[in-house]
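K.L.:
Which chain is which? The protein sequence lines are D and P, in order.
Each number in the working numbering comes from the position in the first sequence (counting from 1) with 621 added on.
Each number in the working numbering comes from the position in the second sequence (counting from 1) with 621 added on.
Note that beta-carbon positions come from the ideal geometry of N, C-alpha and C, so glycine has one too.
This is the structure, below, for whatever I ask next.
Number of protein chains: 2
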Amino acid sequence: MGATKRFIYNQSINEVANIAKVFAHPARVAILKYISEQEGCINNDLVDEIGLSQATISQHLSVIGDAGLLKGRFEGNKKCYCINIERFEEFQILLNSFFIKTKTNCC
Amino acid sequence: MGATKRFIYNQSINEVANIAKVFAHPARVAILKYISEQEGCINNDLVDEIGLSQATISQHLSVIGDAGLLKGRFEGNKKCYCINIERFEEFQILLNSFFIKTKTNCC
DNA sequence: TCGTGATATTGCAATATTACGATGATAAAT
DNA sequence: ATTTATCATCGTAATATTGCAATATCACGA
């Protein structure tokens, strides 16, 4: 026991849960917000800005990145992040359609 | 270490994360979906329907309920659940405005 | 009252997540 | 060449979440 039994749910349910999981930690919400507010490139100002260690920020960034929400490229030794808007909108639409459908069917 | 440092984030960021957390487990997504599809009252068909133990379903229901998303009342010994649409819409709006704001500010 | 069915709670084991220091890799600057 | 800055990864400790069996509670019917 202890592990989520993903296999008992259908794909669309797991999809909603996986999307939500990205936003289910305040550090990741803060990171996305901060990146979205910057002009062009940002590097690890995030560490100062948010107040977690560099390793921890990097970990959260990779969770967000694994979900496909980031475009990152190196400029010299600095990494520049940008939100992958197409994917981000996909997330928005998927979540929102879950909300709409649930609301519509409801008693 | 190991615990989320909620206190370093502002209220609106924690709010988004807390909302997302409710939907961040497929069982809870499945429960909400199922409840929304039923006419009027449901009882623990959820156990058969989803395939987790009664204890586990009950736990997930209380997570959803603590977030204010359920209206539940007993009819005899059976509990009837209904989604609290007002709260549910609040969630939808809060999440969606995070998406919109992030998208708008983005590079 | 007793038994039964429905739900909630408790206690615990398994697993996942969060956080950080240390280390490694790479690129610029000295 | 050496140092410095930036970022990723590894190892590990602390904490949280998930899931279930066992138990408790409560409502109903016999």
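#1: State the DSSP-derived secondary structure class of Y630 of chain D, mapped to helix, strand or coil.
#2: Under 7 Å between C-beta atoms, does F628 of chain D make it to chain P?
#3: Are at least three pairs of beta-carbons, each pair with one atom in the segment 638-657 of chain D and one in the segment 676-691 of chain D, less than 8 Å apart?
#4: Out of P:T625, P:I721, P:N705, point me to the one whose CA is closest to K724 of chain D's CA.
#5: Quick one: does C727 of chain D have its CB under 7 Å from some CB of chain P?
#6: Would you report the Cα separation of F719 of chain P and E658 of chain P, rounded to the nearest angstrom?
#7: How big is the Cα-Cα spacing for V668 of chain P and A624 of chain P?
#8: Would you list the one or two residues that DSSP bridges to G693 of chain P?
#9: So what does DSSP say about Q659 of chain D, is it helix, strand or coil?
#10: Could you tell me whether any Cβ in chain P is nearer than 7 Å to the Cβ of I634 of chain D?
#11: Would you tell me roughly how many angstroms separate the C-alpha atoms of G689 of chain D and E696 of chain P, rounded to the nearest one?
#12: Pick helix, strand or coil for N664 of chain D, following the three-state DSSP scheme.
#13: Can you tell me which of the three DSSP states K645 of chain P falls into?
#14: If you measure from the beta carbon of S799 of chain D to each beta carbon in chain P, is any gap under 7 Å?
#15: Where does T625 of chain P sit, in a helix, a strand or coil, going by DSSP?
#16: Grab the span of the alpha helix (DSSP H) containing L682 of chain D for me, first residue to last.
#17: From P:I652, P:N639, P:C728, pick the residue whose C-alpha is nearest to that of C727 of chain D; which is it?
#18: Enumerate in chain order the residues of its own chain whose CB-to-CB distance from F644 of chain P is below 7 Å, with the five nearest sequence positions on each side excluded.
#19: Answer with buried or exposed for I721 of chain D, where buried requires no fewer than 16 other C-beta atoms within 10 angstroms of its C-beta.
P.N.:
Taking the structure as given:
#1: Walking along the first sequence from the start, residue 630 of chain D turns up at place 9. In the structure shown, Y630 of chain D falls within a coil segment according to DSSP collapsed to helix, strand and coil.
#2: Within the first sequence, the letter at position 7 stands for residue 628 of chain D. Answer no: the Cβ-Cβ gap between F628 of chain D and chain P never drops below 7 Å.
#3: The segment 638-657 of chain D, when compared against the segment 676-691 of chain D, does touch it at the 8 Å Cβ threshold.
#4: Translated into the one-based positions of the first sequence, residue 724 of chain D becomes position 103. It is P:N705.
#5: For the purposes of this step, residue 727 of chain D is taken as the residue at position 106 of the first sequence. At least one CB atom of chain P sits nearer than 7 Å to the CB of C727 of chain D.
#6: If you number the second sequence from 1, residue 719 of chain P lands on position 98. If you number the second sequence from 1, residue 658 of chain P lands on position 37. Roughly 28 Å between the two C-alpha positions.
#7: Stepping through the second sequence from its first residue, residue 668 of chain P is reached at position 47. Stepping through the second sequence from its first residue, residue 624 of chain P is reached at position 3. Distance between the alpha carbons of V668 of chain P and A624 of chain P: 31 Å.
#8: As a first step, residue 693 of chain P must be located in the second sequence, where it is residue number 72. Beta-bridge pairing links G693 of chain P to P:Y702.
#9: Residue numbering aside, residue 659 of chain D sits at position 38 when the first sequence is read from its first letter. Q659 of chain D falls in the coil class under three-state DSSP.
#10: Against the first sequence, residue 634 of chain D aligns to sequence position 13. Cβ-Cβ to chain P under 7 Å: yes for I634 of chain D.
#11: Counting from 1 along the first sequence, the entry for residue 689 of chain D is found at position 68. Counting from 1 along the second sequence, the entry for residue 696 of chain P is found at position 75. Straight-line spacing of the CA atoms in G689 of chain D and E696 of chain P works out to 46 Å.
#12: Position 43 of the first sequence holds residue 664 of chain D. In the structure shown, N664 of chain D sits in coil (DSSP, three-state: anything other than H, G, I, E or B).
#13: To locate residue 645 of chain P, count along the second sequence from 1; it is residue 24. Looking at the sequence shown, residue 645 of chain P is not Lys but Ala. Three-state result, A645 of chain P: coil.
#14: Nothing about residue 799 of chain D can be read from this structure; chain D reaches only from 622 to 728.
#15: Your numbering for residue 625 of chain P matches position 4 in the second sequence. Coil, per DSSP.
#16: As a first step, residue 682 of chain D is located in the first sequence; it is residue number 61 there, counting from the start. Its alpha helix (DSSP H) spans residues 675-687.
#17: In the first sequence, counting from the first residue as 1, residue 727 of chain D sits at position 106. Checking every option, the nearest Cα to that of C727 of chain D belongs to P:I652.
#18: Translated into the one-based positions of the second sequence, residue 644 of chain P becomes position 23. Counting only Cβ-Cβ distances below 7 Å, and skipping sequence neighbours, we find V650.
#19: For the purposes of this step, residue 721 of chain D is taken as residue 100 along the first sequence, with counting starting at 1. It counts as exposed.
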